[in-house]
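First up is the structure itself, then whatever we jot down about it.
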Amino acid sequence: MSLKTFSHVAARSVANVFAPSVTNVVLRGGVGARRMSFALAALLLLSVAPIASAQQASSTMGQQFMSGTPGTYAIRNARIVTVSGADIENGTVVVRDGKINAVGTNVAVPAGAIEIDARGLSVYPGMIDLGTSMGLVEIPQGANPTVDVAEVGDMNPNAQAFYGINPHSAHVAVTRVNGVTSVLSSPSGGIISGQAAFINLLGSSPQEMSVERTAALVVNYPRAAGGGGFGGFFQQAQANPAEAATARDRQVEQLRKLLRDAEAYGRAMDAANSDRTVPRPDADVVLASLVPYVRGERPVVFRADRESEIRAIVRFSEELKLKPIILGGNDASKIAAFLKEKNVPVILGGLFDLPSREDDFYDVLYESAAKLQQAGVRFALSTGDQGAEVRDLPYRAGMAAAFGLSRADALKSVTLYPAQIMGVGDRLGSIEVGKIANLVITDGDLLEARTHIRHLFINGRQVPLNSRHTELYDQFKNRK
Amino acid sequence: MRKLITLFVSLAVLAPAWGVGSAARAQQSQRPREGAARGASNAAATETLIRNATVLTITRGTLANTDILIRNGKIAGVGQNLKASDRARVIDATGKYVMPGIVDAHSHSMSDAINEGTLSVTSMVRIRDMLNPTAPNLYRELAGGVTTLNVLHGSANTIGGQNTVVKIKYGRPVAEFIFPGAPPGIKFALGENVKRASSTVLPGQTRRYPATRMGQEEVLRDAFTRARNYKRAWDEHRAAVARNEKNLIAPRRDLQLEPLVEILEGKRFVHAHCYRADEIIMLLNLADEFGFKIRTLQHVLEGYKVAKEIAAHGAGASSFADSWGYKIEAYDAIPYNAAVMTRAGIIVSINSDSDERARRLNIDAAKMMKYGDLTEDEALRLITINPAIQLGIQERVGSIEVGKDADLAIWTAHPFSVYSRVETTFIDGDIFFDRQQDLARRPELQREREELLKAEVNRPPTEGGAQPGAPRRRPANHHDDDDVDNGEGDNHR
Amino acid sequence: MVASVASSPTSWVARAQRSAIDTYAITGARIVTVSGAEIARGTVVIRGGLIAAVGANVAAPSDARIIDGTGLTVYPGLIDANTNLGMPAATAPRPGGGGAAAFLAAQQQATPAVSSPNSSQPVGLQPEILASDVVRPGGEQIEAARNAGLTAALTAPREGIFMGQSAVINLAGETPQQMIVRSPVALHVGFTPLRTGTYPGSLLGVFAAIRQMLLDAGRYRDANAVYEKSPRGVRRPDQDKSLAALVPVLAREMPVVMYADRQREIERALDLAQEFNLRLVIAGGAESWRVAERLAAAKVPVLLSLNYPRRTTAETPEADPDPVRVLRERVDAPKTAGRLAAAGVRFAFQSGGLSNMNDYLANVSKSLDNGLARDEALRALTIRAAEILGVADQLGTIEVGKIANLTVTRGDLFARERRITHVFIDGRPVDLKPAPAPPAAGGTAAASGSTRASASGTWTLRVQVEGQPERSLTLTLQQETERLSGSIQGDFGSAQIANASVGASGDIKFTVPVTTGTQTTEATFNGTISGNEMRGTFTTVGSGAGTFNGTRAGSTTPQ
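For the record, the sequence lines run as chains B, V and H.
Under this note's numbering, the first sequence has 141 at position 141, and the numbering climbs by one with no breaks.
Under this note's numbering, the second sequence has 1356 at position 356, and the numbering climbs by one with no breaks.
Under this note's numbering, the third sequence has 2048 at position 48, and the numbering climbs by one with no breaks.
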């Protein structure tokens, strides 16, 4: 985790060097190329669009191409991996008005529905990654103007990812065409980084993408413990022991004070609202933004990997009655019983990190998911990546399964579990009637790297399987 | 698990046969113990029979229910119902897969320093001088089925240092890591990293030349021109010696230019870090002009844009599976790169450039079946025989064939499956990683820790230990590595 | 007491010189000659700086000053086989003006510890530098060594790749000339990259630079041979004293001391020495036992450091536990000497930068508890050092005609309660002072009365990397003469500083490990202390550079 979050700092430090070339390069690889290849890609899709009923699909594809094609769909003859219940062989999923309208073997196909023959294919719920900064960072290194992930200063509860997410980031399409259809996108600066947005990876505006505009408060819990290095001026989030504890404690105190202020502010506002004799405090956007969090109405995502930090966060959250979620959590499996007891969920972001201590066993992070599962801790798997590699999410789940997690739980850890942790388990994460129709139709196991995705639905819209990558591929693959 | 690996060995043989355990044991302590290396080397004399596996030979297809006989570090047989001597270690691999050890054509593992970035031409520096055989990540790479690494200089300058190809013989003396007979090579670098390395200077100092891609071409041209002059001076001197001329003073031996002469003479491989199509073409043209070959283009993320030119030159391409967008020159990277280049007839490999990523190159290769629809065999080649060809070691590793080095790994499932896991990794017939041994040793390590903590020097002062001392004064010659490319430390893309 | 010595370091010598009587007899003592059998009760006679007689039946001359040795043991004077005693440290001029450029300019004008005029090579690659040219008598460190029973030492310049050529000095004498026993002794090679931003700036470059210079030296030798034979018609080779200094090294006339602790460092040194057929000596040698077989086969001796690794920071519940490797290293350190002896590797002890010289003999005693035989230990402190350093005819045993360096104890040298009662150097007794107690935790440090700038205390540093916001760090320093220890901390972590020193004019230098991901490099800080202010520049290999300035806590800044 910590490795990933660093890149923006490096980017910032060299940004001045690269500033002159940024415009140039973005133009070269960006807008122009994209526009041209859109046409190419559309042509190609027309000629290929294999198993789907091509005419119907193409007839609705036009200007709304990249924002997906709404409609009523019937995905037929599919193996349906509902995640929440048993797999359904040879079944049908009906998508209507953006929702899953029907699921089963004996489902009537509505009149006018676009039929997709999914014989030999499998339908999965779209995957969900809670550890991203999707849309906030385009090119982390050497292109600072494309980076909107960290605000100035330590306490920015009202910095909302929602206002920084670029819906047209190339990362969005690249990610969804690999089956990841929703993410939590979090800012990463300071101590209180801001508020994360829970989004679907489709839409022309943040509004269209948004599932929860302010889904969580994101906090880098002040840290002092570490392995003896000194990250100093070049790296955020490097940790260390002993003397730094005082500095850390001071920061924790700042955080505590701000949260207590918000709690008092909320009560004072309520009091003023219900009792005219009580003076109304001046409105304060910062404190106001914290009120739902200090009341435990919405979760606080704490980035932390080390055991001592996680313990401190849990204690801190108990004291302030917060609803904590641990993001990162490399040491979480060491204190699984504690996390179970405190009912604190973990977003494991470091499955592919190198073990941080030289005596760590080689598989300590590979097997952490299985250990959390065994202990009954609620958890989800995440890439912990800002954007470009979020599409690797399924392979992390696969690795967790190779090291002790059941395959069913591995799948849940990137679908239903993250949805539940974010409180949207009623809307996402499985194939159930009434849920948002985020569906991935594959020719094999969703988590396998060899598997091709054949169809993709987000918000009930059929989404073309195009991205910056397919466009460039189409442009050059037949160059003579 | 236990029933899957069975030892048909007498007690007397057990110790040397599994003596490699001492190498693996060393990982848990991350430090070879006294005698570990010696204990391990005995094992080379033994035989191993891997029975009834699915064997991904790479060059001869996939063989079901097949045995592999290993004798004296080499593959002695591949077939059914092979017989071994009764002293052999026998591993029942029913239901498992065996593939050649993965070859990572771009690594910076085990190097105490990675960049000599003060000059733009540092062909005189050698990674061979820097190898640290105790680096903990080596073991973690073995656990991912990797057996061979191309340890490269970083990308801070246009002409970097000399690389070293190693087998990950973790726990052995460093000399045993060196891949026997691997042709020598050198690192070049183009593009942003070279520019960036010249941007961090103390205020008031001049920037290192070059700061542009224009200058990078000039640095190469100048260096090879000087190398030609140098070669001529030596040729003339040798001629004069042959004529028995008196009072000759030999030209100065120049360690910077000697490797460049070797490049011109085709005796040293060039591994060139590059990204953009234009710089790839620049380098190929310049090499053509000076009459040498680029052995591999490293990263070469825009290789798909100029695949036919790369193929025409005859360069290999060693790329990431799907990393992209981490800097500007990587924004046009696409995961179809390997497929496009393969279709153009280029020898392509997938590398890690990262101690972390090296552990899952199997999955990176598997992705290539999706992006551009490479066949399974084509995808497997990307991390086995193709990188071996690129490094000139294909006669020894990269496929499972009789006579080749017994560098291979046993996987619990097809290595392209995300659900697979390495069970055992062999190099030259010896086991350097074995999951069951690793698991079995864990309690022992804990006991050792507890024992060590009882020593006075290890106890905190409050528990009767020694007072802490001042930090030890030593020459600060460790870890001068820095990669200017990116802040992730383990990654030098 | 300390103050008076510091201000007039040669007072005792002056007194000794005034005395015309330089004949001494230590009578009735146990005499451990090292060269021969131990004499249970005998007399050592010293005359004219040399050992004049030794034996059970030797009578004290009538003109001798008698020292009653009853209950005492006389040993050959102990030798510290590798030090920087008497070597100057780098000094920087006071920076003028403000801003990074001014600091940089100051750094570039900084006077290195030693440099060779008209050298063809940059500072750090000047093998022609002679310790004997720059050694300075007196000083607290030399005194501390004597108080610990040491009488002679190899001393070499502090820094560089080709650091210069060492000398064996006696640890007494008013002038360098009086101190020097033998010079030059060996070429010293450290592997520290140049920190000036010039080549070689990494360990990679260090090895290449060493190779190139050795090759150049060989060609220099050959070219000059041709030229001297017949200058006519031959282009005159450049005269180059840096290369000339390496010619005896290539001829194996001069040994090369390479600093190497880890197994791989030692192996690299062995490989390099083998490549150029050098006469190698390893200095440091913490893991030399792992390479013992090869060292023995190559007949490479080791100057083994007694600065055993210890816990360096106070543990907190939040700190990671020490890795097993580190725990093992601490336990293994005292075993090394015994293992070398068993493997037939010649070795001598050296202090290796010990901050508390009381540990010198205490750590030898630990090695006795860990498998080292007594007589081997004694040799490693005396005659082995003399042999390796080429002074075995002059030092290292109690034999007639040798230099009268003697260490006299009450109690056995290796016993916990032993006390050093007399030290003779060049035949004269040395005033002994109790060795200073280990530095107090709070670091009261700054030697009272010293003219040296005091660095001790807690400093608030403001650090600026170009293009980034200024950051505030806390630097805690403890000073012991010119040596500094301490820690630095900031928002993002903390670390022990290393390679720290403060010079007479207030120049301060230290390094800080910087961890980025899994890689560790270091930042080098160079600056100047003036009163309660500190300013300077720092560089981090590959990552950037910047400036810092700071104030000492508890001080009020003028202006």
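Ideal Cβ positions, reconstructed from N, Cα and C, are used throughout, including at glycine.
Since we're looking at a predicted model, the values are computed, not measured.
What are the start and end residues of the alpha helix (DSSP H) that includes residue i?
{"i": "residue 2332(H)", "result": "2324-2332"}
{"i": "residue 1377(V)", "result": "1376-1381"}
{"i": "residue 168(B)", "result": "Run containing residue 168(B): none; DSSP gives neither H nor E here."}
{"i": "residue 473(B)", "result": "468-476"}
{"i": "residue 2224(H)", "result": "2203-2229"}
Locate the beta strand (DSSP E) running through residue i, then write down its first and last residues.
{"i": "residue 1047(V)", "result": "1047-1056"}
{"i": "residue 1234(V)", "result": "No beta strand (DSSP E) contains residue 1234(V), which is instead part of the alpha helix (DSSP H) from 1213-1242."}
{"i": "residue 347(B)", "result": "346-348"}
{"i": "residue 2053(H)", "result": "2050-2055"}
Please compile the residues from chain V whose C-beta is within a distance smaller than 7 Å of the C-beta of residue i.
{"i": "residue 450(B)", "result": "1366, 1369, 1370, 1416"}
{"i": "residue 472(B)", "result": "1332, 1334"}
{"i": "residue 2198(H)", "result": "1118"}
Does residue i come within less than 7 Å of chain H when only Cβ atoms are used?
{"i": "residue 1161(V)", "result": "yes"}
{"i": "residue 151(B)", "result": "no"}
{"i": "residue 357(B)", "result": "yes"}
{"i": "residue 1118(V)", "result": "yes"}
{"i": "residue 1226(V)", "result": "no"}
{"i": "residue 1142(V)", "result": "no"}
Return no unless some Cβ of chain V is closer than 7 Å to the Cβ of residue i.
{"i": "residue 302(B)", "result": "no"}
{"i": "residue 420(B)", "result": "no"}
{"i": "residue 2165(H)", "result": "no"}
{"i": "residue 2294(H)", "result": "no"}
{"i": "residue 121(B)", "result": "no"}
{"i": "residue 2127(H)", "result": "no"}
May I ask you to report which of helix, strand or coil DSSP gives residue i?
{"i": "residue 1324(V)", "result": "coil"}
{"i": "residue 78(B)", "result": "strand"}
{"i": "residue 125(B)", "result": "strand"}
{"i": "residue 2553(H)", "result": "coil"}
{"i": "residue 2155(H)", "result": "strand"}
{"i": "residue 1363(V)", "result": "helix"}
For chain B, check one thing: does any of its Cβ atoms lie closer than 7 Å to the Cβ of residue i?
{"i": "residue 1349(V)", "result": "no"}
{"i": "residue 1346(V)", "result": "no"}
{"i": "residue 1356(V)", "result": "yes"}
{"i": "residue 1340(V)", "result": "yes"}
{"i": "residue 1454(V)", "result": "no"}
{"i": "residue 1136(V)", "result": "yes"}
What residues from chain V crowd round residue i, counting only those whose CB sits closer than 8 Å?
{"i": "residue 2561(H)", "result": "Shown here, chain H extends from 2001 to 2559; a query on residue 2561(H) therefore has no answer."}
{"i": "residue 398(B)", "result": "1363, 1417, 1418, 1419"}
{"i": "residue 2029(H)", "result": "Simply none; closest approach about 34 Å."}
What does residue i reach in chain H if we use C-beta pairs closer than 7 Å?
{"i": "residue 1158(V)", "result": "The premise fails here: residue 1158(V) is roughly 14 Å from chain H at the closest Cβ pair, so nothing lies under 7 Å."}
{"i": "residue 1448(V)", "result": "2324"}
{"i": "residue 1122(V)", "result": "2205"}
Would you grab the beta carbon distance between residue i and residue j for me? Rounded to a whole angstrom, and I think it's under 8 Å.
{"i": "residue 2422(H)", "j": "residue 2142(H)", "result": "With 8 Å as the limit, residue 2422(H) and residue 2142(H) do not qualify as a contact, their Cβ atoms being about 17 Å apart."}
Would you mind telling me which residues of chain B sit closer than 8 Å to residue i, beta carbon to beta carbon, in chain order?
{"i": "residue 1442(V)", "result": "361"}
Please list, in chain order, the chain V residues whose beta carbon lies closer than 9 Å to that of residue i.
{"i": "residue 171(B)", "result": "1325"}
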